[in-house]
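K.L.:
Input: one structure, supplied below.
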């Protein structure tokens, strides 16, 4: 079992650009959540996808959007990048109904310059 | 809103010392409580959990007890190893949601 896999592992973008991050959940998991972890901070919840729909959303602007595919994999899109978007972006998967017991990927380190 | 407060680190210990990392929470209702660990260069791993008052979660020698009266979930280990060096995050999920709310993390450094 490969666990949760994220790509790419590192990314450098310029202010104003757009970025897409990808996540494949652990086998058997149908729920995917995305978190932003700034340096030295705890992860902050961005949103969660289940059955290809956004089920919950944290306090992030509309520049952050996502998608879930029929195979449960997911994408996180961020438009009009700001310097403050530089962070580690973590994807977590879980089986539906198992609150909090999430399996995390290693993350994508995004640097906006 | 719901929140988690952890003691600031780093916590520096010698091998075989006793570990306590304090965690308190604010939440409406009865949250589930978790400790996650992040080893260098890796994602977060669930260490232990407790879903109701007085539950004790345990794993790999680590323990934490859900104390509703003090709204706390302190992490303890009787004898730490160098391999326990990592960042530890206390987290909760509120009732009817599985969105994790994390504390800021506590870095543990264990020296031989």
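Chains as they are written, first to last, in our numbering: chain A, 1 to 113; chain B, 1001 to 1112.
Idealized CB from N, CA, C, for every residue including glycine.
#1: With a threshold of 7 Å on Cβ separation, who are the neighbours of residue 1004 of chain B within its own chain once the five nearest residues in sequence on each side are excluded?
#2: Residue 107 of chain A versus chain B: which residues are under 7 Å apart at the beta carbon?
#3: Using Cβ-Cβ distances below 8 Å, what residues of the stretch 45-77 of chain A are close to chain B?
#4: Just how far apart, CA to CA, sit residue 16 of chain A and residue 79 of chain A?
#5: Counting only C-beta atoms, is residue 42 of chain A closer than 8 Å to chain B at any point?
#6: Classify residue 92 of chain A: buried if its beta carbon has 16 or more other beta carbons within 10 angstroms, exposed otherwise.
#7: Return the residue from the list B:1007, B:1039, B:1096 that minimises the CA-CA distance to residue 1020 of chain B.
#8: Mind checking which residues open and close the beta strand (DSSP E) that includes residue 10 of chain A?
#9: Whose Cβ in chain B lies nearer than 9 Å to the Cβ of residue 90 of chain A?
#10: According to DSSP, is residue 1001 of chain B helix, strand or coil?
#11: When you compare the CB positions of residue 1088 of chain B and residue 1075 of chain B, do they come within less than 8 Å of one another, or not?
#12: Could you work out which residues of chain A lie near residue 1102 of chain B, taking near to mean beta carbons separated by less than 7 Å?
#13: Of the choices A:43, A:12, A:39, A:49, whose alpha-carbon is the least far from that of residue 24 of chain A?
#14: Under the DSSP definition of a beta bridge, which residues are partnered with residue 1101 of chain B?
#15: One question on the structure: do residue 1106 of chain B and residue 1011 of chain B come within less than 8 Å of each other, judged by their Cβ atoms?
#16: CB residue 1048 of chain B to CB residue 1058 of chain B, shorter than 8 Å?
#17: Would you mind telling me which residues of chain B sit closer than 8 Å to residue 94 of chain A, beta carbon to beta carbon, in chain order?
#18: Restricting to runs no shorter than 3 residues, where is the beta strand (DSSP E) found entirely within the stretch 32-83 of chain A?
#19: Is the beta carbon of residue 58 of chain A closer than 8 Å to that of residue 44 of chain A?
#20: Taking C-beta pairs closer than 9 Å, name the residues in chain A that residue 1089 of chain B reaches, listed in chain order.
#21: Classify residue 1083 of chain B as helix, strand or coil using the three-state DSSP reduction.
P.N.:
In this structure, then:
#1: 1023, 1025, 1090, 1091, 1092, 1101, 1102, 1103
#2: 1043
#3: 45, 48, 56, 58
#4: 7 Å
#5: yes
#6: buried
#7: B:1007
#8: 10-13
#9: 1043, 1044
#10: coil
#11: yes
#12: 42, 43
#13: A:49
#14: B:1092
#15: yes
#16: yes
#17: 1098
#18: 44-50, 53-57, 64-68, 74-78
#19: yes
#20: 42, 43
#21: helix
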